[in-house]
Amino acid sequence: MAYAFEDHCWKDAVDPDILEIYKAYERETFVGRKPALLAIDLYNSAYQGGAKPPIELQAEFPSSCGIYAWEAIEPTVSLFTAVRAMGMPVIYLTSDELTRRRGVKVAATNRKGGAKTSDAFEIFHEFAPQPEDLLIYKTRASAFQGTPLTSYLTMMGVDSLIVVGESTSGCVRASVVDAYSHGYHTVVVEECVYDRSPLSHKISLFDLHHKYADVMHIDEVLEHLAKRLIAQTI
């Protein structure tokens with residue numbers, strides 16, 4: 001299915017004058033030749049408290065993205081299924097809890113508070129890693145900062161990324177900007193990333209789409225992968 005370049009969730013948040021200014025960024029979007037799936041912070045704390053507005057969960061689960069995390073489960077599961085069917089590399093990023101426990105004051109952002117349960121940074125059960133997957137621990141927002149990610153991508157022959165996870169304005173954004181700086185073509189799947197703030201989510205996707213990545217809808221990405229899978233079997 002084809003979408004117009006600006007046919008995305010930010011349409012109600014960005015006025016026509018800004019869209020006119022940003023026309024110079026319009027281009028054809030695509031999934032790279034040899035991508036890996038980069039799953040950023042799909043850990044338990046983002047889902048704690050269930051599918052409720054994050055404001056209702058702050059007292060007990062300050063790290064939860066609430067309903068926005070839960071709404072992203074189904075499309076993200078669909079993407080994982082398609083990616084695994086093609087044998088594409090799957091790479092998970094999660095918080096380096098060992099560093100936290102040792103009292104080292106290094107965190108992804110300046111946000112105070114956070115997850116309170118012992119399994120907070122374990123991958124959510126819907127996206128449980130498989131034996132062949134890679135799990136990388138990070139201390140900063142970007143998946144690249146202080147991690148061996150680039151080395152693994154080089155060893156696997158990866159030339160591009162498909163990104164899912166959270167939060168759109170935080171670790172997703174930082175990772176995608178660094179991916180661009182490292183020369184990787186990156187697709188951010190709109191329905192598979194989320195944030196505590198809908199406004200931050202929309203504006204971050206708008207900026208990433210125009211400057212650093214291709215923001216694509218889940219059905220676009222699945223269609224592309226299905227065609228590629230068919231081509232591989234011929």
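For the sequence shown, the numbering used here assigns the number 1 to the initial residue and increments by one for each residue that follows.
C-beta: ideal position from N, C-alpha, C; glycine also.
On a predicted model such as this, the values are computed, not experimentally measured, just so you know.
Q: Please report how far the alpha carbon of ILE123 lies from the alpha carbon of ARG33, in whole angstroms.
A: Numbered from its first residue, the sequence shown carries residue 123 at position 123. Numbered from its first residue, the sequence shown carries residue 33 at position 33. Distance between the alpha carbons of ILE123 and ARG33: 28 Å.
Q) So, using beta-carbon positions, are ALA186 and VAL163 closer together than 8 Å? A) For the purposes of this step, residue 186 is identified with residue 186 of the sequence shown, where counting begins at 1. For the purposes of this step, residue 163 is identified with residue 163 of the sequence shown, where counting begins at 1. Sequence inspection shows Thr at residue 186; the Ala mentioned does not correspond to that position. Against a cut-off of 8 Å, the Cβ pair of VAL163 and THR186 comes out as a contact.
Q) Thinking just about the alpha-carbon of each residue, which of VAL215, ILE40 and ALA46 is nearest to the one in TYR25? A) Counted from its first residue, the sequence shown places residue 25 at position 25. Looking only at VAL215, ILE40 and ALA46, the smallest Cα-Cα distance to TYR25 is reached by VAL215.
Q. How many angstroms separate the CA atom of SER118 from the CA atom of GLY146?
A. Within the sequence shown, numbered from 1, the residue matching residue 118 stands at position 118. Within the sequence shown, numbered from 1, the residue matching residue 146 stands at position 146. C-alpha of SER118 to C-alpha of GLY146: approximately 24 Å in a straight line.
Q | 8 Å Cβ cutoff, VAL189 in contact with chain C | A | No chain C is part of this structure, which consists of one protein chain only.
**Q.** Member of ILE230, ILE91, LEU229 and HIS209 whose CA lies at the smallest distance from the CA of ALA4
**A.** Looking up residue 4 in the sequence shown gives position 4. Ranking ILE230, ILE91, LEU229 and HIS209 by Cα distance to ALA4 puts HIS209 first.
Q.
Quick check on DSSP: helix, strand or coil for GLU190?
A. Walking along the sequence shown from the start, residue 190 turns up at place 190. GLU190 falls in the strand class under three-state DSSP.
Q) Given that a residue counts as buried once 16 or more other Cβ atoms are within 10 Å of its Cβ, and exposed if not, what is ARG102? A) Counting from one through the sequence shown, the residue named residue 102 turns up at place 102. With a pLDDT of only 48 at ARG102, under the threshold of 50, the placement of this residue in the model should not be trusted, and no figure is reported.
Q) When the Cα of TRP10 is compared with those of CYS65, LEU225 and PRO198, which residue comes out closest? A) For the purposes of this step, residue 10 is taken as the residue at position 10 of the sequence shown. Ranking CYS65, LEU225 and PRO198 by Cα distance to TRP10 puts PRO198 first.
Q: Pick out whichever of ASP96, SER63, THR154 and LEU79 has its Cα sitting closest to the Cα of ASP219.
A: Stepping through the sequence shown from its first residue, residue 219 is reached at position 219. Out of ASP96, SER63, THR154 and LEU79, LEU79 has the C-alpha closest to the C-alpha of ASP219.
Q. How about SER45 and PHE121: are their beta carbons less than 8 Å apart?
A. Against the sequence shown, residue 45 aligns to sequence position 45. Against the sequence shown, residue 121 aligns to sequence position 121. Cβ distance < 8 Å, so SER45 and PHE121 count as in contact.
Q: Can you give me the Cβ contacts of ASP178 inside the same chain, cut-off strictly under 6 Å, excluding the 5 residues immediately before and after it?
A: In the sequence shown, the residue the question calls residue 178 occupies position 178. Cβ within range, chain order: SER142 and PHE144.
**Q.** THR224 vs VAL83 beta-carbon contact at 8 Å
**A.** The residue you call residue 224 lines up with position 224 of the sequence shown. The residue you call residue 83 lines up with position 83 of the sequence shown. Note on identity: in this sequence residue 224 is His, with Thr being the wrong assignment. Not closer than 8 Å, so no.
Q: Check whether the Cβ of VAL163 lies closer than 7 Å to any heavy atom of the ligand COA, and answer yes or no.
A: Because no ligand of any kind appears in the structure shown, any question about the ligand COA cannot be addressed here.
Q. Are the beta-carbon atoms belonging to TYR68 and ASP195 less than 8 Å from one another?
A. If you number the sequence shown from 1, residue 68 lands on position 68. If you number the sequence shown from 1, residue 195 lands on position 195. Yes. Within cutoff.
Q.
Contact defined as beta carbons within less than 8 Å: I believe TYR184 pairs with ASP159. What is the distance between those atoms, to the nearest angstrom?
A. Working through the sequence shown from its first residue, we reach residue 184 at position 184. Working through the sequence shown from its first residue, we reach residue 159 at position 159. Indeed, because the Cβ distance is near 7 Å, the residues count as touching under 8 Å.
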